[in-house]
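Residue numbering for the sequence shown is 1 to 118, as defined by my numbering.
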Amino acid sequence: MDRTDDLVKLHLDTPVDGTNVPRNPFLVAGWALDPHAPLVAVLVGIDRRRWASAELGLRRPDVGAAFPRSGGARRAGWRTEFDLTDWPGEEVEITMVALRADRTARWEMPARVRLRPR
């Protein structure tokens with residue numbers, strides 16, 4: 001039986017759904033928190049075709065304040081960059097996957113963004 005407080009919390013801060021992003025390197029960042037143990041990885045995907053492993057452990061005092069009982073909350077930040085200079089199309093979907101040590105994962109598809117013209 002799953003309980004809501006047992007779920008990995010996964011959030012995308014930037015880019016925001018519906019915004020325009022450059023095709024050249026742009027930042028994708030947010031936070032992820034497992035209430036029981038540190039996450040093994042956060043993967044970020046573009047149209048579920050191109051994937052990048054995010055840098056983990058970034059300072060997030062806001063997340064720490066919101067989840068004071070979770071030990072890793074103050075370092076729940078993550079980020080990565082994408083360069084879509086040659087990406088075909090004008091819109092992409094950003095997907096995030098948080099991986100736990102027990103090999104379970106939590107998926108989120110939180111944003112569709114438009115790529116600026118070349």
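Beta carbons are placed, not taken as given, at the ideal position from N, Cα and C, and that holds for glycine. Note that the structure is predicted; figures quoted are calculated from it, not measured.
Can you grab the Cα-Cα spacing for the pair residue i / residue j, in whole Å?
i: T104; j: G18; result: 29 Å
i: M1; j: R60; result: Residue confidence for M1 is low, a pLDDT of 35 falling below 50, so the modelled location carries little weight; the figure read from the coordinates is stated next. Roughly 30 Å separates the two Cα atoms.
i: R114; j: A65; result: 33 Å
i: G77; j: A98; result: 12 Å
i: T85; j: P110; result: 22 Å
i: T4; j: H11; result: Because the pLDDT of T4 is 47, which lies under 50, any placement of that residue in the model is unreliable, and the question is left without a value.
i: P22; j: W51; result: 18 Å
i: R116; j: E81; result: 16 Å
i: P88; j: R112; result: 15 Å
i: M96; j: P38; result: 16 Å
Go to residue i, then tell me how far its beta strand (DSSP E) extends in each direction, as first and last residue.
i: V28; result: F26 to L33
i: A41; result: A41 to I46
i: A120; result: In the structure displayed, the chain extends from 1 to 118; residue 120 sits before or after that span and is not available.
Go to residue i, then tell me how far its alpha helix (DSSP H) extends in each direction, as first and last residue.
i: G64; result: P61 to A66
Residues bridged to residue i by DSSP?
i: V92; result: V113
i: L58; result: G77
i: H11; result: W31
i: S70; result: DSSP, once it has assigned bridges, lists no residue as partnering S70.
i: R50; result: I46
i: L99; result: A41 and A105
Among the options, whose alpha-carbon lies nearest the alpha-carbon of residue i?
i: V16; options: K9, L7, L27 and R23; result: L27
i: E108; options: R74, V44, S53 and D62; result: V44
i: I94; options: R118, R49, L39 and L58; result: R49
i: A101; options: V42, T14 and D86; result: V42
i: D62; options: A52, D13 and R116; result: D13
i: G30; options: E90, R118, E91 and L58; result: L58
i: V8; options: P117, W51, V40 and A54; result: V40
i: D47; options: R116, P88, V92 and N20; result: V92
Assess, as a yes-or-no matter, whether the segment 65 to 73 is touched by the segment 23 to 36 under the definition of 3 or more beta carbon pairs within less than 8 Å.
-> yes
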